[in-house]
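Peer 1: Have a look at this one.
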Amino acid sequence: MSATTSPRRPEGTLGRPAEADVRPGAADGATKPPPRMIRLHAVSAEDVLVPAAAAVAAIALVWYPYENVLPFSGVLGFWVCWYIAFLVLYCGVTGVRAGRRAMVDRGIAAATTTAGIFVLAVILEQVGYVALRGWAAVKHLNFFTQTMVAAGPLQPLTVGGIVHALVGSLEQLGLATAFSVPLGITAALFLAEIGGPRAQPVRVIVTAMTALPEIVAGLFIYTMVIITLGLHYCGFAASLALTVMMLPIVTRGAEVILRLVPNNLREASYALGGSHRRTVWYVVLPTARAGLTTVSILGMARAVGETAPLLFTAGFTNEMNANPFSGPQSGLPILIWDFIRKNPTQTMIERGFGAGLALMIMVLILFSAARLLGGKAPGEMTRRQRRRLARDAAVAGPAPNPPSPPAGQEAQWQGAGL
Amino acid sequence: MNDIGDARSVSSAPDSPTMVRVLDRPRPIKSPSSPGDKVFHGVLNAGGFLVLVITGLIATFLILKAAGVLHQIGWRFLTNFQWILNGNKIGVGAVLIDGVIIATIALAIAIPVALALAIFISEYAPGGLRRVMIALVDLMAAIPSILYGLWGFFFLMPRVIGVGRWISDHLGFIPFLKVPYTTFIPGQFENSTLLAASVVSLMIIPIVASISRQVFSQAPVNEREAAYALGSTRWGMIRTVVLPYGRGGVIGAAMLGFGRAMGETVVIAIIISPVFTIVTHIPESGGNSIAALIANFASESSPEMLSALIAAGLVLFVVTLIVNALAGIIVARSRSGMEDTD
């Protein structure tokens with residue numbers, strides 16, 4: 001979201017005294033060869049060879065004792081032992097060659113890198129496993145064109161599909177987005193633009209609500225909409241529950257984005273006589289547009305996968321129900337939940353994984369869209385926007401006194417130039 | 001706020017000598033809002049207020065609907081261990097504690113990994129890899145919990161039976177890791193608290209890691225350079241500058257992760273086989289949490305049961321709200337929570 005890149009020290013400028021030793025020598029005269037450029041971020045042969053050698057040595061060390069001497073068995077245990085042996089060997093070699101402080105430094109570097117690799121592996125594992133198991137169901141086209149009306153738990157995968165849940169998920173997501181994004185951005189504007197002591201409790205509550213248990217959101221909508229207001233299970237109630245989940249995420253993210261809008265843009269607008277309302281509408285919001293879009297889409301990606309809010313609100317049906325305001329309407333998560341719990345036959349589990357793959361693809365699409373649109377600083381323009389600006393400037397010709405900016409575009413351009 | 005907006009009022013001052021003296025005094029700064037601005041501010045205030053109202057409504061409705069059971073049973077709802085409707089025996093005592101056990105184990109697994117990950121991303125990873133890793137951690141947080149549940153149940157569960165047995169056999173001297181068994185039955189290690197907690201830990205790693213990373217990357221660059229100038233290694237710099245700077249943020253992040261783990265529903269409901277006693281042997285099958293309990297009984301809708309479920313939900317809501325609000329305050333108060341405060 002807020003991709004605050006840390007201002008970092010270029011590596012190797014201060015930590016290596018060798019650089020300082022070279023320069024005075026170069027000043028002596030023309031007889032000496034010019035000083036060799038020191039490459040920053042250079043990776044020496046030792047940096048690569050020592051870990052590689054430690055890895056190989058660890059395999060050699062663990063290979064025989066494991067299973068034969070040590071009280072272990074299994075693949076997982078082997079790699080755990082290998083990793084421990086690797087760390088010991090790597091730290092040991094570094095310690096012998098470069099001393100204790102370097103040993104601790106390299107050891108920590110290796111451990112944190114492992115955490116990075118671990119997370120990478122978990123994500124690949126998750127996506128890969130669901131894709132692998134889900135493929136059996138997804139490869140039949142009827143999976144995306146039929147409902148489950150005619151398909152029982154024992155029927156093969158060539159009958160039945162999840163189109164009703166796809167429709168339900170999309171409708172519930174659309175309604176939840178329509179409710180939560182405007183409200184969330186308004187609340188974020190309240191926090192960022194008005195602020196003051198009154199905003200503090202709202203901020204604390206919003207932060208607390210980002211971790212509101214999903215099931216409580218479902219229970220709340222159930223007690224309010226279904227028990228008190230007398231509605232029945234329907235997609236609308238589900239979308240309200242999703243709204244309760246999405247709202248704090250959007251509010252919190254949007255506030256962070258709005259705070260990144262440079263204050264001099266606001267001041268420029270005020271200096272030109274703009275009211276607060278017009279400043280927000282024509283300067284702040286257009287400048288933060290990319291970020292706000294990203295936040296909204298990330299909220300959608302989060303909401304589309306929520307299961308627990310739907311348990312008490314959406315109901316479950318095998319039929320197509322395109323009307324979110326009446327009758328139960330299945331969504332993808334609730335369908336998976338039902339498939340793997342009610343009649344967990346082999347085909348139903350395959351179908352559950354197929355629906356999981358569809359859900360995963362939806363999340364990935366939303367997530368990639370958020371990444372493509374976002375990742376830019378406020379006011380940073382796309383290539384298309386820059387082209388349009390250049391074209392407009394060429395048409396208008398050099399104007400000595402440009403008119404006061406009527407829209408955010410102008411202010412945005414000034415912001416980008418600063 | 002918009003005191004700059006009324007700079008135009010200066011130009012309207014008539015330039016007579018008497019007025020010059022008047023202008024010498026500091027002009028009281030107040031911003032006369034236009035009617036449009038008043039409406040605008042009203043809308044924004046209403047938006048902020050509405051968030052408070054929704055939170056209040058959640059509490060109100062849960063209290064109203066839970067009142068039946070709570071009035072009948074009173075505080076014993078928190079201490080009763082059983083989940084039997086008849087005879088005032090119903091309560092969340094054991095389930096609440098089991099949920100706390102799961103969340104604690106999950107946090108114990110997640111914090112070291114998340115911290116290492118945050119340090120790797122903010123300090124060790126080169127620029128391109130850093131952006132990729134940030135995106136991946138965000139993606140990990142966005143993977144639906146039902147998919148974690150599927151993965152944990154169908155992929156992980158058959159593979160960790162051996163691990164559970166090994167832990168029980170070789171680490172059994174620690175009391176809560178021991179599973180008493182005479183003949184080995186795989187089912188005894190299947191739906192365990194430990195497995196559920198491991199999968200939940202994978203879900204809270206991205207939350208803790210992402211907040212910690214943001215805090216770490218805000219550590220002041222001049223202090224970093226000072227540490228390097230004193231001859232520190234990179235880890236020395238991290239230990240003396242980055243970690244102390246980010247302490248408050250990390251504590252807050254861990255508490256947010258704890259709140260999330262307490263509220264995690266689907267994964268626990270899918271993996272664990274529910275029990276209503278306090279779990280004492282974590283690699284052994286059986287466990288529970290309030291959220292999983294509610295999800296498991298979702299289809300049984302007799303009014304009394306529903307009221308009891310809502311009361312359980314209320315307990316969960318209060319617990320997570322307290323934990324999360326404390327976390328939010330800690331993050332905001334810490335020196336590092338610059339994003340969160342003015």
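Going down the list, the sequences are from chains A and B.
FYI, in the working numbering the residues of the first sequence are 1 to 418.
FYI, in the working numbering the residues of the second sequence are 1 to 342.
Just so you know, even glycine gets a beta-carbon here, dropped at the ideal spot from N, CA and C.
Tell me the rounded alpha-carbon separation between Gly218 (chain A) and Thr313 (chain A).
Peer 2: Cα to Cα, the separation comes out at about 6 angstroms.
Peer 1: Measuring straight from C-alpha to C-alpha, what distance separates Ala295 (chain B) and Ile336 (chain A)?
Peer 2: Those two C-alpha atoms are separated by around 14 angstroms.
Peer 1: Around the Cβ of Asn222 (chain B), are there at least 16 other Cβ atoms within 10 angstroms (buried) or fewer (exposed)?
Peer 2: With fewer than 16 Cβ atoms within 10 Å of its Cβ, Asn222 (chain B) is classed as exposed.
Peer 1: Which partner residues does Ala286 (chain B) have in the DSSP bridge list?
Peer 2: Per the sequence presented here, residue 286 (chain B) reads as Gly, with Ala not at that position. Paired residue(s): B:Ser192.
Peer 1: Can you tell me whether DSSP reads Ile218 (chain B) as helix, strand or coil?
Peer 2: According to the sequence shown, residue 218 (chain B) is Gln rather than Ile. Gln218 (chain B): coil per DSSP, three-state reduction.
Peer 1: So with Cβ pairs under 8 angstroms, would you call Arg23 (chain A) a contact of chain B?
Peer 2: For Arg23 (chain A), the predicted model reports a pLDDT of 46, less than 50, meaning its position is unreliable and no value from the coordinates is stated.
Peer 1: Would you tell me roughly how many angstroms separate the C-alpha atoms of Val323 (chain B) and Val250 (chain B), rounded to the nearest one?
Peer 2: C-alpha separation (whole angstroms): 14 angstroms.
Peer 1: Anything in chain B within Cβ reach of Ala301 (chain A), meaning under 7 angstroms, just list it in chain order.
Peer 2: Within 7 angstroms Cβ-Cβ: Ala142.
Peer 1: Determine the closest residue to Thr265 (chain B) out of A:Leu132, A:Arg388 and A:Ile215, with distance taken between C-alpha atoms.
Peer 2: Taking only the C-alpha atoms, the option nearest Thr265 (chain B) is A:Ile215.
Peer 1: For Met255 (chain B), which residues in the same chain have their Cβ closer than 8 angstroms to its Cβ, ignoring the five residues on either side in sequence?
Peer 2: Here the set comprises Val323, Asn324, Leu326, Ala327 and Ile330.
Peer 1: List the residues of chain B that Arg277 (chain A) touches, going by C-beta distances under 7 angstroms, in chain order.
Peer 2: Those are Gly36, Asp37 and Phe40, listed as they occur along chain B.
Peer 1: Tell me the DSSP secondary structure of Gln82 (chain B) in three-state form.
Peer 2: Here Gln82 (chain B) sits in strand by DSSP.
Peer 1: Are there 16 or more other CB atoms within 10 angstroms of the CB of Ala332 (chain B), so buried, or fewer, so exposed?
Peer 2: Buried, because 16 or more other Cβ atoms sit within 10 Å of the Cβ of Ala332 (chain B).
Peer 1: Please report whether the beta-carbon of Met133 (chain B) lies at a distance below 8 angstroms from any beta-carbon of chain A.
Peer 2: Chain A, which has a Cβ nearer than 8 angstroms to the Cβ of Met133 (chain B), makes this yes.
Peer 1: Taking the DSSP output, what are the residues bridged to Ile90 (chain B)?
Peer 2: Ile90 (chain B) pairs with B:Gln82.
Peer 1: Along chain A, in chain order, which residues have C-beta atoms closer than 7 angstroms to that of Gly259 (chain B)?
Peer 2: Simply Ala211.
Peer 1: On a Cα-Cα basis, can you pick out the residue from B:Glu284, B:Gly248, B:Ala46 and B:Ser33 that is closest to Gly184 (chain A)?
Peer 2: Checking every option, the nearest Cα to that of Gly184 (chain A) belongs to B:Ala46.
Peer 1: I want to know whether the region 61-72 of chain B touches the region 198-207 of chain A - three or more CB-CB distances under 8 angstroms.
Peer 2: These segments do not touch.
Peer 1: Rounded to a whole number of angstroms, what is the C-alpha to C-alpha distance between Ile282 (chain B) and Trp166 (chain B)?
Peer 2: So the alpha carbons of these two residues sit roughly 13 angstroms apart.
Peer 1: Would you call the region 258-278 of chain A and the region 309-328 of chain A touching, i.e. three or more CB-CB distances under 8 angstroms?
Peer 2: Short answer: they don't touch.
Peer 1: For chain B, is any of its Cβ atoms less than 8 angstroms away from the one on Ile205 (chain A)?
Peer 2: Yes, because at least one Cβ of chain B sits closer than 8 angstroms to the Cβ of Ile205 (chain A).
Peer 1: Could you name each continuous alpha helix (DSSP H) segment of 4 residues or more that falls completely within the region 237-274 of chain A, going from the start of the chain to the end?
Peer 2: The region 237-274 of chain A contains these whole alpha helix (DSSP H) runs: 263-271.
Peer 1: Flag this pair as touching only if the region 165-183 of chain B and the region 81-95 of chain B have three or more C-beta atom pairs under 8 angstroms; answer yes or no.
Peer 2: No: fewer than three Cβ pairs fall under 8 angstroms.
Peer 1: So does the region 128-135 of chain A actually touch the region 341-361 of chain A, counting three or more Cβ pairs closer than 8 angstroms?
Peer 2: Taking 8 angstroms as the limit for Cβ pairs, the verdict is that the region 341-361 of chain A does touch the region 128-135 of chain A.
Peer 1: Report the option in B:Pro28, B:Leu50, B:Ser210 and B:Ile102 whose CA atom is closest to the CA atom of Pro274 (chain B).
Peer 2: Residue B:Ile102 is the option with its Cα nearest to Pro274 (chain B).
Peer 1: If you draw a straight line from the C-alpha of Thr186 (chain A) to the C-alpha of Leu285 (chain A), how long is it?
Peer 2: Roughly 11 angstroms separates the two Cα atoms.
Peer 1: Taking Cβ-Cβ distances below 7 angstroms as the criterion, which residues of the region 311-326 of chain A are in contact with chain B?
Peer 2: Residues passing the 7 angstroms Cβ filter: Leu311 and Phe312.
Peer 1: Beta-carbon of Ala238 (chain A) versus every beta-carbon of chain B: anything under 8 angstroms?
Peer 2: Judged by the 8 angstroms Cβ criterion, Ala238 (chain A) is not in contact with chain B.
Peer 1: Can you tell me where the alpha helix (DSSP H) with Ser180 (chain A) in it begins and where it stops?
Peer 2: Looking at the DSSP string, the run of the alpha helix (DSSP H) that includes Ser180 (chain A) is Val163 to Leu189.
Peer 1: Taking Cβ positions only, does Gln329 (chain A) come closer than 8 angstroms to chain B?
Peer 2: False, the Cβ-Cβ gap to chain B never drops below 8 angstroms.
Peer 1: Is the distance from the Cβ of Ala292 (chain B) to the Cβ of Ile310 (chain B) below 8 angstroms?
Peer 2: Not closer than 8 angstroms, so no.
Peer 1: Which complete alpha helix (DSSP H) runs does the region 228-310 of chain B hold, if anything under 4 residues is left out?
Peer 2: Whole alpha helix (DSSP H) segments, 4+ residues: 234-237, 243-263, 266-271 and 290-296.
Peer 1: Can you tell which of B:Arg213, B:Asp138, B:Pro144 and B:Glu123 has its C-alpha closest to the C-alpha of Gly305 (chain A)?
Peer 2: Among B:Arg213, B:Asp138, B:Pro144 and B:Glu123, the Cα nearest to that of Gly305 (chain A) belongs to B:Pro144.
Peer 1: Give the residues of chain B in contact with Phe179 (chain A), contact being defined as C-beta atoms less than 9 angstroms apart.
Peer 2: Within 9 angstroms Cβ-Cβ: nothing; Phe179 (chain A) doesn't reach chain B, min ~11 angstroms.
Peer 1: The alpha helix (DSSP H) spanning Tyr90 (chain A) covers which residue range?
Peer 2: Its alpha helix (DSSP H) spans residues Val75 to Ala98.
Peer 1: Could you tell me how far apart the beta carbons of Gly161 (chain A) and Gln146 (chain A) are, in whole angstroms, since I believe they sit closer than 8 angstroms?
Peer 2: That belief holds up - the Cβ atoms of Gly161 (chain A) and Gln146 (chain A) are roughly 4 angstroms apart, short of 8 angstroms.
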